[in-house]
Amino acid sequence: MSGERRPEPASRGERMADWADGRLGIYALGRQYLRKVFPDHWSFLLGEICLYSFVVLILTGVYLTLFFHPSMNEVTYHGSYVPLNGVRMSEAYASTLHISFDVRGGLLVRQLHHWAALVFVAAMVTHMMRHFFTGSFRKPREVNWVFGWTLLLLGLFEGLFGYSLPDDLLSGTGLRFVNGAVLSVPIVGTYLSMFLLGGEFPGHDIVARFYSLHILLIPGIMTALVVVHILLVVYHKHTQFAGPGRTERNVVGAPFMPVYLAKAGGFFFLVFGFLTLIAGVATINPIWQYGPFRADQVSTGAQPDWYLGFAEGLVRIMPGWEITLWGHTLVLGVLIPIVVFPLLLVFIGVYPFVEAWLTGDGKEHHILDRPRNRPVRTAIGASWISAYLILLAGGGNDIVATRLHLSINAVTWTIRIAVFVVPAVVLVVTRRICLGLQLRDRELVAHGRETGIIKRLPHGEYVEMHKPLTQAELHTLTAHERPGELVERER
Ligand code: HEM
Ligand code: HEM
C-alpha cells in the first residue's frame, strides 16, 4: 500500500466554476479581463452614471408596463383621486392616475422613472462633453463616439415618447407640437401626419404606437448599442490623462477585480439611491394637476423636458414666416427650426471626422488633451454649449417673462439676437482664455510657482522666490504635443 494521500475533494464553489468553465469558458475570459486596468479619474464616472440610470429606467419601466394601459379609448374616471371623479378621459391617462394613487409604490416608481430619464440624458450630455473637450473621440475611438452619439439621439426621442404616453394635458400639448413640426414638412407633411396619428390629430392610435416604440424597439436598440459601446471601450482600452509613467502604450490604474468592481458596484447603489431620494422628495410631472388632454385646451407654461427645450426654443424665437410656392404653403416659421434642430446635433456627431480631416491628424491617441492645449476645439465646444443654453432659455420664454416680470416680446428679441452674438463671443473669449492658460503653464514650467517670499539681493534689488515644480508636475504640464491646430498658432 502506498502512503500517497488522495487529493481533497473540490469545494462546491470550485465544482460550480469548473462546470461553468466547461460550458462557457469562463476561466479564459477571467484571465483576460479580470485584471483589466481602469484609470482613476472622476470624469470617467460620467459614463457609469449613464449606464446606471439606464438600468434604473429599464427596471422602473418594466414595473410601469404592468399597470399602464396604452389605449386612447374613452372611459369615465371613478378612482381614488376625487377631483377628477366622473371626468371622461383616455384609458392611458386613467391608468397613469391609477399608478400614481392606487398601485403600491406606483407614484415612487413613476417619479423614479421620470427623474432617471432627466438624469440619464444630462449624464449623456456631460459624458459627451468630457470626451469632446479631452479629445478622447480621436482615432481609434471615432466609431464609438458615433455609437454614443446615436444613444444620445435615441435617448432624446425615447424621452419624448415616454412623456407623451400618459395622455395628460401637457403631454398632449407636446404631441400637438410634434404634429405641427410634421405638418410643416413640404408637400408630404399632411400625409405624414395622417400616417403617424392614424387620422386627424389627435387620432386614436398614437399612444399605442409610441408605447411599442418606447418599451420595445428603442430600448432594444439602445441596449444593444450600450453593450457594443462598452465592448469597444474594453477593446480600445481606456484613455488616460498625461502623467508620470503614462504613455500612449500603457494604461495606469487599478484592476477590474477587486478594486474597480467594488467601486463600480458601490457607485451603482449610490446612483440608484440618489435617484430614489430625489424621486421620493421632489414632485415631477404631477399629471393629476394638468387633467386629461383635450384638443381645445392648452395651459400656459407648458414645457418639454429639459433636453428638448432647445428644439422648442428654436421654434419660439423664429418669426412666423409663411410663403406660398406653386400652390404649396411653406411654414418657414416651423420648417427652418426643424431643419436647424438636427443640424445642431449632427454637427456634434460628425465633429471627430471633421477635426481629423482639417488637422490632417491620422495618428492613434490614447493620452487625453487638456482642454487649454486645444484652444479652437475648446472654444467650439463652449460656443455650442452657449447656443444650446440660450435656445433652452428661448424654450421657456414665457416662464422667463412671467418670473422676471418682463415683456415676452423683449425676452424673445433678446434671445433672437443672443443666439447669434453670444456663441460668437464665447468662441473668441474661450480661445483667448485657453491661450492665456497656456502662457501661464509655460511660466510655471520655466520659473516655478510664486512663493510670496521676497528676497533682497546684495546690490539692493528685491526679487520674489520661485519654487520649481516637481518632476511629476513638470511632466504633466509638458507631456502634450501640438500638431496642426484648427487655425494657425498664436505666437
Ligand atoms: C432611455 C430609456 C427611457 C427613457 C428616457 C424613458 C422616459 C420616460 C418618461 C419621461 C416617461 C413619462 C413618465 C411620467 O409619467 O412622468 C415614461 C413613461 C413610461 N415609460 Fe419610459 N423611459 C425609458 C425606458 C423605458 C423602458 C425600458 C420601459 C419599459 C420596459 C418604459 C416604460 C414606460 C411606461 C410604461 C411609461 C408610462 C407610464 C407613466 O407615464 O407613468 N420606459 N418614460
Ligand atoms: C447610454 C449611454 C452611454 C453609456 C451607458 C456610456 C457608457 C460609457 C462608459 C461606461 C465608458 C467608459 C468610461 C468612460 O470613459 O467614461 C464610455 C466611454 C466612452 N463613451 Fe460612452 N456612454 C454612453 C453615451 C455616450 C455618448 C452620448 C457619447 C458621445 C457622443 C459617448 C462616447 C464615448 C467615448 C468616445 C468613450 C471612450 C472614451 C475613452 O476610452 O476614454 N458615450 N461610455
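This note's numbering numbers the first residue of the sequence shown as 1 and each following residue consecutively.
The beta-carbon is built from N, C-alpha and C at its ideal position, and this holds for glycine as well.
On a predicted model such as this, the values are computed, not experimentally measured, just so you know.
8 Å Cβ shell around residue i - same chain, five flanking residues per side excluded
i              : result
leucine 34     : Pro255, Phe256 and Met257
isoleucine 453 : Glu464 and Met465
methionine 194 : Glu200
leucine 392    : Trp306, Gly309, Phe310 and Gly313
Spatial neighbours of residue i in its chain, beta-carbon cut-off 6 Å, leaving aside the 5 residues before and after
i                 : result
glutamate 481     : none
alanine 479       : Ala242
arginine 491      : Bear in mind that the predicted position of arginine 491 carries a pLDDT of just 42, short of 50, making it unreliable; the figure below should be weighed with that in mind. If we look at arginine 491 and ignore the five residues flanking it on each side, it has no Cβ neighbours.
methionine 16     : none
threonine 134     : Leu368 and Asp369
leucine 332       : Trp321
phenylalanine 347 : none
asparagine 73     : Glu91
aspartate 495     : It is not possible to answer for residue 495, since the shown part of the chain is limited to 1 through 491.
Nearest-angstrom beta carbon gap, residue j and residue i [assumed within contact, 8 Å]
i              : j              : result
arginine 316   : glycine 395    : 6 Å
leucine 154    : isoleucine 221 : 6 Å
leucine 502    : alanine 116    : This structure does not reach residue 502, given that the chain is present from 1 up to 491, and the question cannot be answered.
valine 226     : leucine 29     : 19 Å between Cβ atoms; not a contact.
tryptophan 161 : histidine 214  : Going by the sequence as given, residue 161 is phenylalanine instead of tryptophan. Indeed they touch by this definition, with Cβ atoms about 4 Å apart.
tryptophan 149 : glycine 349    : 4 Å
glycine 291    : leucine 169    : 5 Å
leucine 427    : valine 445     : Not really, about 28 Å apart at Cβ, beyond 8 Å.
Residues near residue i by beta carbon distance below 7 Å, same chain, minus five either side
i                 : result
methionine 1      : Reliability of the predicted coordinates at methionine 1 is poor, the pLDDT of 45 falling under 50, and the value obtained from them is presented with this limitation in mind. Around methionine 1: no qualifying Cβ.
tyrosine 260      : Phe38 and Ala254
phenylalanine 210 : Phe161, Ser164 and Leu165
arginine 130      : Ser43 and Leu46
Outcome for residue i when other beta-carbon atoms lying within 10 angstroms are tallied against a minimum of 16
i              : result
methionine 89  : buried
proline 7      : exposed
valine 121     : buried
serine 407     : exposed
proline 140    : exposed
glutamate 14   : exposed
glutamate 312  : buried
alanine 472    : exposed
isoleucine 187 : exposed
glycine 360    : exposed
leucine 151    : buried
leucine 45     : buried
glycine 159    : buried
proline 468    : exposed
histidine 405  : exposed
tryptophan 357 : exposed
Residue i in three-state terms, based on DSSP
i              : result
glutamine 471  : helix
tyrosine 77    : coil
valine 55      : helix
glutamate 14   : helix
proline 83     : helix
aspartate 21   : helix
glutamate 355  : helix
glutamine 111  : helix
arginine 90    : One detail in the question is off: residue 90 reads as serine in this sequence, not arginine. Serine 90 falls in the strand class under three-state DSSP.
alanine 479    : coil
glycine 452    : strand
glutamate 464  : strand
histidine 131  : helix
arginine 491   : Residue placement at arginine 491 is poorly supported in this model, since its pLDDT is 42, which falls under 50; the coordinates are not used for a value here.
threonine 329  : strand
isoleucine 323 : strand
leucine 406    : coil
leucine 66     : coil
leucine 437    : helix
valine 421     : helix
glutamine 303  : coil
aspartate 369  : coil
proline 255    : strand
Sub-7 Å separation of residue i and residue j beta-carbons
i                 : j                 : result
valine 251        : valine 37         : yes
glycine 180       : valine 298        : no
phenylalanine 293 : glycine 172       : yes
isoleucine 399    : glycine 301       : yes
alanine 92        : valine 185        : no
serine 53         : histidine 69      : no
leucine 314       : phenylalanine 353 : no
proline 423       : alanine 387       : yes
histidine 447     : threonine 239     : no
leucine 192       : valine 178        : no
isoleucine 284    : histidine 41      : no
Heavy atom of ligand 4 within 6 Å of residue i beta-carbon
i             : result
isoleucine 49 : This structure lacks ligand 4; the ligands present are ligand 1 and ligand 2.
Below-7 Å beta-carbon distance, residue i vs any chain C residue
i              : result
isoleucine 385 : In summary, chain C is missing from the structure at hand, where a single protein chain is found.
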